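For reference, the structure discussed in these notes is given below.
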Amino acid sequence: MTSNNNISELVLLQAHELAERIGLRQVSCREVMQAYLAHIERFNPRVNALISLQPPEDLLAQADVRDAELARGQYRGWMHGLPHAVKDLSLTKGIRTTLGSPLFKDFVPEHDGIMVARIKAAGAIIIGKSNTPEFGLGSQSYNPLFGATGCAFDPSKTAGGSSGGAAAALAMHLVPVADGSDMMGSLRNPAAFNNVFGFRPSQGRVPFDDSADLFIDQLGYEGPMGRSVRDAALLLSVQAGGDARAPLSIAEPGSVFAAPLERDFKGTRLGWLGDFNGYLPMEQGITALCEKAFADFESLGCQIEAVQPQFAPQHLWSSWLTLRHWMVAGSLGPAYADPQKRAQLKPEACWEVENGLKLSASEVFKASVVRSNWYRAISRLFEDFDYLLLPSAQVFPFDKTQPWPTSIEGVTMDTYHRWMEVVIPGTLSGCPVANVQVGFNANGLPMGLQIIGKHQADFAVLQLAHAYEQASRWFQRCPSPLLSEGF
């Protein structure tokens, strides 16, 4: 089964379509694995998305086990037999988890994280990891162990990050679905940069126990990415659901996300935050692309109105810096304290730790109060609007040899992550946020739009994203040009 450009039909299917064929035994798990391994061998070198790939003979043997289970009438779940690559920040038993750092280049966990265990239980076969920046710091997926991941629409540009490997792998059809994590847009920025869908769930939606702290560390969450909203929702149905090991996790079962996504959106009110009245510098063309997408929302019956919260955005940035410094210093402080290990940390990591070590308890508390006040402010907006919209990034994909953009339209960026300030409102709200695609600039580089929903209204955000996807169909209309090169 091959397409016109000699690519297997199996890897071109949406994940839920492939899963259905496996469940009906119309195709074997071995055939699926063979198709994906051949596709990865051919196309992964173009973008450097997947790393720590496992031996093909081992993966095929696991596929045979899945086929034998089906023959006995044993079906593990919708991911039965699907190849899956885990982001290289999540623990994978028996497969090295480097965090993109030389300090962990040989680290092989003895157990899986909660999310990985659930994906395995649902029948997926872990084929390796997806590339990420060192400790996930920065929206550019490069590290000294594996190098940089390229954008699926121009491999000389960055795939974004920190789930850059996952996003590029999806766009290149190297995996059916992908997991990621998001602290500062790490599920949203790379999805926008690779024309795929990314979803940052509500705080506590996907239980997480990889961190030493289970109560205070609430800035970053794991979540799904897909070539369709339906695929991402199905992955979330596996990832989500309460777990006693994560005391702040949401008890609602993940199965709710496997329900049909169709819904009538006539009269739905959307608030457009834009660039926060000029506060956020935007590369030319981004705002126009986002606003052009309004027509697709309006075709669904949505009403869009520009709105601004009664909240100074610079206070959000100040709160963010403090809270991020504090959390990074907590996790990387011990490594920083060892001169030999410190020498192996990238400068941005050292900068975070050094600033975190200077903080007082009262400064951290004040930053948390600011975050709380932002939640109150955004909740007031949700009294008048059903969803809020704003761009997913402030720049288009940039040269992957450049660590980070130093300026936007003449405005100097004073930190390595200031150019991603647009994701901070969603992050600090704790609310669910999706990236949907809005098209391409004149150079063929993708961009996305964030949809922010009410507290714990994850399914509602997925429903709007799905309806928009049916109206716009950006991924189906504009696949990666790298897939057709040479034909």
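According to the UniProt record's numbering, the stretch in the sequence shown is residues 1 to 487, in order. Positions of the beta carbon are idealized from the N, C-alpha and C atoms, including for glycine. Keep in mind the model is a prediction, meaning the values are calculated, not measured.
Under the three-state reduction of DSSP, which class applies to residue i: helix, strand or coil?
{"i": "ASN373", "result": "helix"}
{"i": "ARG245", "result": "coil"}
{"i": "TYR336", "result": "helix"}
{"i": "GLU69", "result": "helix"}
{"i": "ALA192", "result": "helix"}
{"i": "GLN140", "result": "coil"}
{"i": "HIS325", "result": "helix"}
{"i": "GLU305", "result": "strand"}
{"i": "MET413", "result": "coil"}
{"i": "ARG269", "result": "strand"}
{"i": "TYR468", "result": "helix"}
{"i": "TYR75", "result": "coil"}
{"i": "SER484", "result": "helix"}
{"i": "PRO201", "result": "coil"}
{"i": "residue 489", "result": "There is simply no residue 489 to check, as the chain begins at 1 and stops at 487 in what is shown."}
{"i": "ASN435", "result": "strand"}
Tell me whether residue i is buried or exposed, calling it buried when 16 or more other Cβ atoms sit within 10 Å of its Cβ.
{"i": "PHE193", "result": "buried"}
{"i": "ALA405", "result": "Before going on, a small fix: residue 405 reads as Pro here, not Ala. Result: buried."}
{"i": "THR92", "result": "buried"}
{"i": "PHE107", "result": "exposed"}
{"i": "GLU283", "result": "buried"}
{"i": "VAL116", "result": "buried"}
{"i": "HIS84", "result": "buried"}
{"i": "PRO432", "result": "buried"}
{"i": "LEU89", "result": "buried"}
{"i": "PRO425", "result": "buried"}
{"i": "LEU59", "result": "buried"}
Hey, how far is the Cα of residue i from the Cα of residue j?
{"i": "GLU222", "j": "ARG200", "result": "7 Å"}
{"i": "SER484", "j": "ASN5", "result": "6 Å"}
{"i": "ALA457", "j": "ALA171", "result": "27 Å"}
{"i": "GLU291", "j": "SER163", "result": "26 Å"}
{"i": "SER299", "j": "ALA471", "result": "8 Å"}
{"i": "PRO55", "j": "ASP264", "result": "47 Å"}
{"i": "TYR375", "j": "ALA434", "result": "18 Å"}
{"i": "ASP384", "j": "GLN308", "result": "12 Å"}
{"i": "GLY486", "j": "ARG42", "result": "Note that GLY486 scores a pLDDT of 42, beneath 50, so its modelled location is shaky and nothing firm can be said."}
{"i": "GLY100", "j": "ILE127", "result": "18 Å"}
{"i": "GLY123", "j": "GLU69", "result": "10 Å"}
{"i": "PHE475", "j": "ASN189", "result": "16 Å"}
{"i": "HIS417", "j": "PHE294", "result": "28 Å"}
{"i": "SER202", "j": "GLY333", "result": "28 Å"}
According to the Cβ coordinates, are residue i and residue j closer than 8 Å?
{"i": "MET447", "j": "LEU289", "result": "yes"}
{"i": "ALA166", "j": "GLY180", "result": "yes"}
{"i": "SER419", "j": "VAL395", "result": "Here residue 419 is Trp; the residue named in the question, Ser, does not match the sequence. For TRP419 and VAL395, yes; Cβs fall inside 8 Å."}
{"i": "ARG66", "j": "GLY81", "result": "yes"}
{"i": "ILE40", "j": "CYS29", "result": "no"}
{"i": "GLU134", "j": "LYS346", "result": "yes"}
{"i": "THR415", "j": "LEU359", "result": "no"}
{"i": "MET183", "j": "THR412", "result": "no"}
{"i": "ILE452", "j": "LEU388", "result": "yes"}
Next item on the list: Would you check if there are 3 or more beta carbon pairs closer than 8 Å linking the region 135-142 to the region 399-414?
Entry: yes
Next item on the list: Answer yes if the region 149-163 comes into contact with the region 47-61, meaning at least three C-beta pairs across the two stretches below 8 Å, and no otherwise.
Entry: yes
Margin query: Contact between the region 453-463 and the region 299-319 is defined here as three or more beta-carbon pairs at a separation below 8 Å; is this criterion met?
Written below: no
Notebook entry, point to check: Between the region 270-279 and the region 213-231, do three or more beta carbon pairs fall short of 8 Å?
Noted result: no
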